[in-house]
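Numbering-wise (our numbering), the sequence shown opens with residue 62 and increments by one. Ideal placement from N, C-alpha and C gives every residue a C-beta, glycine not left out. As the structure is a computational prediction, the values presented were derived from the model and not from experiment. Inspection log for the structure reproduced underneath, given as C-alpha cells.
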Amino acid sequence: MNNSKLLLILLFLSVFSKGLSIDIRISLYHPHIIHSLMISCFEGGYSYVTGNGEIKEITQGQQLFLKNFNDEIWIREDDQGWTHTSQLFLSRTSGQSIISIKPASPVLPERNYYSNLEIHSVHGSLRVINVIDLESYLMGVVETEAGPSVPIDFYKVQTIICRTYAIRNFNRHQDEGYNLCDNVHCQSYKGRNKWNEDVMIAAEVTEGLILTDSDTMPIVAAFHSNSGGETQGAENIWLNGQAYLLPVLDPFSIDQPNAKWERSIAAEEWFNYLRSKYFTFDTPPDTMAYQCSQKHRMKYYIVDTDTLEYNKIREDWNLKSSFFSIFYHDSDFIFIGKGYGHGVGLSQEGAINMARKGYHFTEILNYYYHDIMIISYHDLPPGSLFQE
Numbered sequence: 062m063n064n065s066k067l068l069l070i071l072l073f074l075s076v077f078s079k080g081l082s083i084d085i086r087i088s089l090y091h092p093h094i095i096h097s098l099m100i101s102c103f104e105g106g107y108s109y110v111t112g113n114g115e116i117k118e119i120t121q122g123q124q125l126f127l128k129n130f131n132d133e134i135w136i137r138e139d140d141q142g143w144t145h146t147s148q149l150f151l152s153r154t155s156g157q158s159i160i161s162i163k164p165a166s167p168v169l170p171e172r173n174y175y176s177n178l179e180i181h182s183v184h185g186s187l188r189v190i191n192v193i194d195l196e197s198y199l200m201g202v203v204e205t206e207a208g209p210s211v212p213i214d215f216y217k218v219q220t221i222i223c224r225t226y227a228i229r230n231f232n233r234h235q236d237e238g239y240n241l242c243d244n245v246h247c248q249s250y251k252g253r254n255k256w257n258e259d260v261m262i263a264a265e266v267t268e269g270l271i272l273t274d275s276d277t278m279p280i281v282a283a284f285h286s287n288s289g290g291e292t293q294g295a296e297n298i299w300l301n302g303q304a305y306l307l308p309v310l311d312p313f314s315i316d317q318p319n320a321k322w323e324r325s326i327a328a329e330e331w332f333n334y335l336r337s338k339y340f341t342f343d344t345p346p347d348t349m350a351y352q353c354s355q356k357h358r359m360k361y362y363i364v365d366t367d368t369l370e371y372n373k374i375r376e377d378w379n380l381k382s383s384f385f386s387i388f389y390h391d392s393d394f395i396f397i398g399k400g401y402g403h404g405v406g407l408s409q410e411g412a413i414n415m416a417r418k419g420y421h422f423t424e425i426l427n428y429y430y431h432d433i434m435i436i437s438y439h440d441l442p443p444g445s446l447f448q449e
C-alpha cells in the first residue's frame, strides 16, 4: 500500500471515529481531456498561490483563465500577465463560496461547485478535482439522479443509495489521485444542488446512513428507472448473485411513465441476428417458433435447443429492458416490453410511487432490498471499509 493511500485511510478512520462528514475528491468533466478553461468566483471568495509563491485572491465576478502548456498550468487573471505552476489549489475564503468552471477546449457546459478545487497538469491536459464534504457532494448527485420534484422520502431513499455507493467505492480511482469521477462510470454529479430544499433536508435527516448486508458490508445498491412490475435477481445480469438483490413483485412500477415500451424488428433482420448467435433454422423458418412470452422475468430466450440471454439481446439491440415478449405480425417481430433499465434492485419510479402513497423511506428500501441494515457509516468496523 502506498503512503498516500495509507494516509487517506488513516484520515478516513479518524473522521469516522469522530462522527464527522468526510471530504471526497471528485474528478470533474470526466472523461473529457481538458486543455483550457475559465474559472470565476460565483459567490464568496477564493485564494490561490501563483507559481512564484505569491498568494492571491479572486472575489465575486473575477476570473482566471487556465491553459496547459509544456506540462504546466498557465494562469492569467482578468487582463493581467501570465504565471505558471505545476498544480493549482483554490481554497474558499468563506463558508458558502461557489466557484464556476467553463471549459474552453473542448467547449463544455459551465457548472458551479461548492468548496475547493485542485487543478493538476496530467499528460498534457488539466485534471480538475472538486474537494468537497461528502454530504454536500451527495446533494448534487441526488438532484441529478432523482430530478427536481419528487416526494421527500424518495430523496431520502436516493441519498442513502448514493451515499452507500460512495462509501463502498471510495477508492475506485485512488491510483489516479481522486476518489470518484462525476460521470455515470461512478455517479452522475453536475455540481452544486440548485437550492432544492427537500434535497438538503433529505441529506441532513439521513446524514451518515448507508445500506449494509448482515455482515455490515456496504451493499451494491443497484437501482434502475422502472422494473415493469417485477425486479430480477442480480445473477440474471452479473456473474454473481447477492442475497439482498432478489426478485420482487413490484406493482408500484406498473402504469408509471417508463413501465411499457414497444419495438418492431423485421423478421429477416431478427433471423440474421440469431444466425450470428449460432441458432439453427429450418427452411423456411417457422416464425411462430421464435415468439416468446415473459409473464415473469426469465434469463434465457429459448428456441428448441438454442438459447440466448435476454440481457444480451437487450444490449445488442439497445432495448429499454430485458423484460419483453416477442410476437410475429406481418413480416415483423413485435417486441412488447416492460420497464426501463437492468431491473435489479430498486425501481426509481416504483419507489417514487410508494413515497407518494405515504410509505416511509425505510419501508421503501426494505421492500426492494432483502435482509439489509440501515446504519451510519460512522459505526462500521474497519474491515467493512474500502471494498473497491
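To which residues of the same chain is Lys79 closer than 7 Å at the C-beta, ignoring the five residues directly before and after it?
Low per-residue confidence applies at Lys79: pLDDT is 46, beneath 50, and the placement is therefore not dependable enough to give any value.
Beta carbon of Asp139, beta carbon of Gln121: below 8 Å?
Cβ distance not < 8 Å, so Asp139 and Gln121 don't count as in contact.
To the nearest angstrom, report how far apart Ser152 and Gly106 are at their CA atoms.
8 Å
Is it the case that the region 246–264 contacts the region 369–387, given that we only count it when at least three CB pairs across the two stretches are under 8 Å?
no
Would you grab the beta carbon distance between Ser437 and Leu270 for me? Rounded to a whole angstrom, and I think it's under 8 Å.
Between the beta-carbon of Ser437 and that of Leu270 there is about 6 Å, and that keeps the pair under the 8 Å contact cut.
Let's see if you can read the secondary structure: which residues bound the alpha helix (DSSP H) around Ala328?
Residues Ala328 to Ser337.
Secondary structure at Val405, three-state DSSP: helix, strand or coil?
In the structure shown, Val405 sits in a strand (DSSP, three-state: E or B).
Going by C-alpha distance, which of Phe422, Glu424 and His91 is nearest Val189?
His91
Quick check: the Cα distance between Asp194 and Met261, rounded to an integer number of angstroms?
A straight-line Cα-Cα distance of about 14 Å links Asp194 and Met261.
How do the region 397–406 and the region 375–383 stand: do at least 3 beta-carbon pairs fall below 8 Å, yes or no?
yes
Would you call the region 85–99 in contact with the region 124–136, where contact means no fewer than 3 C-beta pairs closer than 8 Å?
yes
According to DSSP, simplified to helix, strand and coil, what is Gln303?
coil
If you reduce the DSSP assignment to three classes, tell me which class Cys247 lands in.
coil
Could you tell me which residues DSSP puts in a beta bridge with Gln293?
Residue pairing by DSSP places Gln293 opposite Val405 in a beta bridge.
Please classify Phe73 as buried or exposed, where buried requires at least 16 neighbouring CB atoms within 10 angstroms.
Only weak support exists for where Phe73 lies, its pLDDT of 47 falling under 50; the coordinates are left without a value.
So is Asp243 buried or exposed if we call it buried at 16+ other beta carbons inside 10 Å?
buried
In this structure, how does DSSP classify Ser65 when only helix, strand and coil are distinguished?
Because the pLDDT of Ser65 is 41, which lies under 50, any placement of that residue in the model is unreliable, and the number read from its coordinates should be weighed accordingly. Residue state, collapsed to three classes: helix.
Which residues does DSSP pair with Pro279 in a beta bridge?
Thr273
Between Arg324 and the rest of its own chain, which residues show a CB-CB distance below 6 Å, the 5 nearest in sequence each way excluded?
Phe396
Taking the Cβ atom as the reference point for each residue, do Gln303 and Asn414 lie within a distance shorter than 8 Å?
no
Hey, quick one: how far does the beta strand (DSSP E) through Ser182 stretch, first residue to last?
Here the beta strand (DSSP E) through Ser182 covers Asn177 to Val183.
Should the region 409–428 be regarded as contacting the region 209–228, the criterion being three or more beta carbon pairs within less than 8 Å?
yes
Classify Thr267 as helix, strand or coil using the three-state DSSP reduction.
Looking at Thr267 - three-state DSSP - the assignment turns out to be coil, as it is neither helix nor strand.
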